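Colleague: Sharing a structure, written as structure tokens. Questions coming.
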Amino acid sequence: MFQGVMPLKCINQILRVIDFQKWEKCFVCCSGTFRLERLLTMTFPHLEIHSNDVSLFSTTIGRSATREPFEIRFVNRLSFIEEQFPEMAFADRVAAVHLAFQMSRFVGNNLYAQKHFQYFIDNFEKLLPLQSEKITGTIQDMRISSYFAGDWRDHVQNTMQTEGAGIIGFPPFFKAGYERQFKFIDENISWESPRYEVYDPKDLESIIDWIDASGTPFFIISDQLFDDHPPSTEFTKAGRAPHYGYTNTKRSSLVCVPTRSKPFKYIPVKVEKLHEESTVKIVPFEPDEMNFLKDCNLSNKIKHVGGMWNFAVFVDDMLVGGLILSLDKFNSQGKLYLLSDFSISRAAKLSKMVAMLSTSKTVVRQIDIRRLTKTKTIMTTAFSNHPVSMKYRGIFNLTVRKESQSAETRYALNYESDVSDLTAQEIYNKWWYRYGPGSERKGRKIKNRNSTG
Ligand SMILES: C[S@@+](CC[C@H](N)C(=O)[O-])C[C@H]1O[C@@H](n2cnc3c(N)ncnc32)[C@H](O)[C@@H]1O
């Protein structure tokens with residue numbers, strides 16, 4: 542699945558802020574799936590649209606729309622396509638590129654990936670016309686005047702030299718994120734790809750300054766906030782990076798998609814009732830139930846994001862806290878990202894217990910069974926004014942310490958831990974003696990022994 546399609550709510554914000562009736566030409570930078578183009582085509586029949594991207598994924602759509610076929614050859618792991626269909630027309634080759642992109646999710650060595658990959662090979666002949674139909678539908682929905690396969694900064698430069706033109710850009714939020722997303726198709730499909738310099742989002746503020754100074758109307762979406770450029774629009778939704786809109790027009794818009802929350806009754810943990818033999822339960826939770834827990838227990842200054850797998854932690858049927866895990870940004874093999882781990886009480890290092898439980902095989906197995914994979918590492922990020930996080934100290938390894946972008950905290954700290962061979966119950970036991978009430982008793986015993994001996 543293509544990551545980073547422009548949210549419809551963002552497109553609505555653009556339509557509210559930009560007066561396209563006054564634009565003759567719209568230069569879209571980083572077209573991706575051409576979602577914006579399709580909406581602009583429907584809404585503004587007078588507008589001349591000039592699209593752009595660097596990827597083969599987008600170029601196949603762009604060049605199909607402008608009727609400029611080009612050479613595409615399937616090689617290496619995709620050479621079976623050339624062998625099975627040597628006489629393929631351009632439209633079928635385009636569909637094959639998009640099937641190959643879907644196959645790129647299954648290039649791993651695990652059984653699940655191998656079976657899916659083989660499914661595509663075995664059924665390619667059936668899948669090809671279906672994919673081709675989808676692409677034809679996409680192309681029929683849009684009317685673009687040109688497509689530029691190249692760097693979006695060159696596309697910006699071209700816009701500046703074009704009368705009556707404005708820029709709409711949605712460049713990547715991460716450096717080389719799309720190069721990673723398209724690695725498989727780039728390595729296994731040959732075409733005359735454009736030369737370009739990998740875009741680094743760190744450069745965006747100066748690019749905005751450059752466009753602003755030219756007087757060309759623009760609207761650029763980013764997840765970054767800049768000191769000298771207040772955004773005109775803001776779109777936030779739990780589970781997604783914020784989308785800020787930067788423009789040189791005056792109108793502004795703010796959209797926040799509310800999260801749903803489902804209240805439920807629970808018995809909150811009482812530390813004095815915990816004991817060495819207490820029973821731990823890890824219970825899968827619905828997102829709405831987790832939202833309720835987060836609303837009650839987490840700071841409302843932080844934008845809480847939803848994850849793919851939610852668990853509540855109970856000890857002797859008392860609720861201790863919650864865990865939210867997700868795939869990491871790049872769907873890295875063997876890794877899961879711990880989006881949130883929290884305890885509902887600050888007492889007795891309960892938060893450390895919850896963080897430790899995230900690495901237990903009881904939690905990780907429940908996810909691995911569904912994904913038919915084996916997770917080896919749990920990663921997380923802590924935001925703190927201290928150079929280390931007390932919660933993760935001693936249980937996760939600090940891998941990166943960066944100055945945080947936020948005004949509220951000084952550091953962004955990346956942590957990682959191996960997945961443990963211990964069950965949740967065994968981890969509770971470890972926590973009890975190392976950090977929980979058991980550690981104090983053990984400490985007292987040692988002290989007493991020393992004073993009597
Ligand atoms: C956030 S997506 C755009 C999504 C698109 N607006 C949509 O709704 O589908 C970013 C796009 O930028 C493209 N890209 C990455 N680096 C680029 C560069 N230097 N110049 C032009 N496009 C680039 C990627 O291939 C990707 O399609």
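Residue numbering for the sequence shown follows this note's numbering, starting at 542 and increasing by one per position.
Using N, Cα and C, we set each Cβ at its ideal position, and we do this for glycine too.
Every value quoted in this text rests on a predicted model; they were computed, and no experiment measured them.
From Gly-862, Ala-779 and Ile-762, pick the residue whose C-alpha is nearest to that of Lys-811; which is it?
Modeller: Answer by Cα proximity: Gly-862.
Colleague: Are the CB atoms of Ile-908 and Trp-850 within a distance shorter than 8 Å?
Modeller: Their beta carbons are under 8 Å apart, which means Trp-850 touches Ile-908 by this criterion.
Colleague: Around the Cβ of Gly-678, are there at least 16 other Cβ atoms within 10 angstroms (buried) or fewer (exposed)?
Modeller: That one is exposed.
Colleague: At a threshold of 7 Å, does Cys-567 count as lining ligand 1 (C-beta to nearest heavy atom)?
Modeller: False, no ligand heavy atom lies under 7 Å from that Cβ.
Colleague: Closest to Ile-919 by C-alpha separation, out of Phe-585, His-770, Val-929 and Leu-877, would be which residue?
Modeller: The candidate whose alpha carbon is nearest that of Ile-919 is Leu-877.
Colleague: Roughly how many whole angstroms lie between the Cα atoms of Phe-642 and Glu-728?
Modeller: Distance between the alpha carbons of Phe-642 and Glu-728 is about 11 Å.
Colleague: In or out: Asn-665 buried (at least 16 other Cβ within 10 Å) or exposed?
Modeller: The question names Asn, but residue 665 is Phe in the sequence shown. So Phe-665 ends up on the buried side.
Colleague: Is Ala-630 buried or exposed, if buried means 16 or more other CB atoms sit within 10 Å of its CB?
Modeller: Answer is exposed; the Cβ neighbour count stays below 16.
Colleague: Taking only three categories from DSSP, how would you classify Gly-603?
Modeller: If DSSP states are grouped into helix, strand and coil, Gly-603 belongs with the helices.
Colleague: How many Å lie between Val-941 and Ala-637 at the Cα?
Modeller: Rounded to whole angstroms, Val-941 to Ala-637 spans 40 Å at the Cα level.
Colleague: With a Cβ-Cβ cutoff of 8 Å, do Met-683 and Ala-782 count as a contact?
Modeller: It is not a contact, given that the beta carbons lie outside the stated cut-off.
Colleague: Are Trp-732 and Ile-613 touching if we call contact CB-CB under 8 Å?
Modeller: For Trp-732 and Ile-613, yes; Cβs fall inside 8 Å.
Colleague: Can you tell me where the beta strand (DSSP E) holding Phe-621 begins and where it ends?
Modeller: Run containing Phe-621: none in the beta strand (DSSP E); it sits in the alpha helix (DSSP H), 620-625.
Colleague: Identify every run of the beta strand (DSSP E) within the segment 902-943, keeping only runs that are complete inside it and at least 3 residues long; order them along the chain.
Modeller: Those beta strand (DSSP E) runs which fall completely within the segment 902-943 and span 3+ residues are 918-925.
Colleague: Taking the C-alpha atoms as reference points, what is the distance between Met-701 and Phe-725?
Modeller: For Met-701 and Phe-725, the distance between alpha carbons rounds to 35 Å.
Colleague: For Trp-972, which residues of its own chain have a beta-carbon under 7 Å away from its beta-carbon, when the five flanking residues on both sides are left out?
Modeller: Excluding residues within five positions, the ones whose Cβ falls inside 7 Å are Lys-893, Met-894 and Met-897.
Colleague: Which runs of the alpha helix (DSSP H) fall wholly inside the segment 559-620 and span at least 4 residues, in chain order?
Modeller: DSSP runs (the alpha helix (DSSP H)) wholly in the segment 559-620: 576-584 and 597-606.
Colleague: Can you tell me whether DSSP reads Phe-711 as helix, strand or coil?
Modeller: If DSSP states are grouped into helix, strand and coil, Phe-711 belongs with coil.
Colleague: Could you tell me the alpha carbon to alpha carbon distance between Val-854 and Thr-916, rounded to whole angstroms?
Modeller: Each residue's alpha carbon lies about 20 Å from the other.
Colleague: Any heavy atom of ligand 1 closer than 7 Å to the Cβ of Met-547?
Modeller: Indeed, a heavy atom of ligand 1 lies less than 7 Å from the Cβ.
Colleague: Output the distance between the C-alpha atoms of Phe-883 and Ser-901, rounded to the nearest integer angstrom.
Modeller: If I take the Cα positions, the gap works out to 16 Å.
Colleague: Buried or exposed, going by whether 16 or more other CB atoms sit within 10 Å of the CB of Gly-707?
Modeller: The residue is buried, with at least 16 neighbouring Cβ atoms inside 10 Å.
Colleague: Under the three-state reduction of DSSP, which class applies to Met-849: helix, strand or coil?
Modeller: Coil at Met-849, not helix or strand.
Colleague: Which two residues bound the contiguous beta strand (DSSP E) that contains Asp-825?
Modeller: The residue you asked about is not Asp; residue 825 is Pro in the sequence shown. 821-826 is the extent of the beta strand (DSSP E) around Pro-825.
Colleague: Rounded to whole angstroms, what is the Cα-Cα separation between Gly-649 and Leu-868?
Modeller: Gly-649 and Leu-868: Cα-Cα distance of roughly 15 Å.
Colleague: Taking only the alpha-carbon atoms, compute the straight-line gap between Phe-760 and Asp-768 and give it to the nearest angstrom.
Modeller: Cα-Cα distance, rounded: 18 Å.
Colleague: Just to confirm, does Arg-604 get its C-beta within under 7 Å of one of the non-hydrogen atoms of ligand 1?
Modeller: No, the beta carbon of Arg-604 sits no closer than 7 Å to any heavy atom of ligand 1.
Colleague: So His-657 is in the alpha helix (DSSP H); what residue range does that whole segment cover?
Modeller: Unbroken alpha helix (DSSP H) run through His-657: 652-681.
Colleague: For Gly-573, is the beta carbon positioned less than 7 Å from some heavy atom of ligand 1?
Modeller: Yes, Cβ of Gly-573 sits closer than 7 Å to a heavy atom of ligand 1.
Colleague: From Leu-860, Ile-680, Ser-620 and Thr-788, pick the residue whose C-alpha is nearest to that of Arg-604; which is it?
Modeller: Of Leu-860, Ile-680, Ser-620 and Thr-788, the residue nearest in Cα terms is Ile-680.
Colleague: Looking at Tyr-688 and ligand 1, is the gap between the Cβ and the nearest heavy atom below 7 Å?
Modeller: False, no ligand heavy atom lies under 7 Å from that Cβ.
Colleague: Does the beta-carbon of His-927 have 16 or more other beta-carbons within 10 angstroms, so that it is buried, or is it exposed?
Modeller: With fewer than 16 Cβ atoms within 10 Å of its Cβ, His-927 is classed as exposed.
Colleague: Can you find at least 3 beta carbon pairs, one from the segment 585-596 and one from the segment 554-566, that sit closer than 8 Å?
Modeller: The segment 585-596, when compared against the segment 554-566, does touch it at the 8 Å Cβ threshold.
Colleague: Cβ-heavy atom distance between Arg-684 and ligand 1 below 7 Å?
Modeller: Outside the cutoff, so no.
Colleague: Specify the secondary structure class of Tyr-740 as computed by DSSP and reduced to three states.
Modeller: DSSP places Tyr-740 in coil when its eight states are reduced to three.
Colleague: Between the beta-carbon of Phe-852 and the beta-carbon of Phe-826, is there less than 8 Å?
Modeller: Taking 8 Å as the Cβ cut-off, Phe-852 and Phe-826 qualify as a contacting pair.
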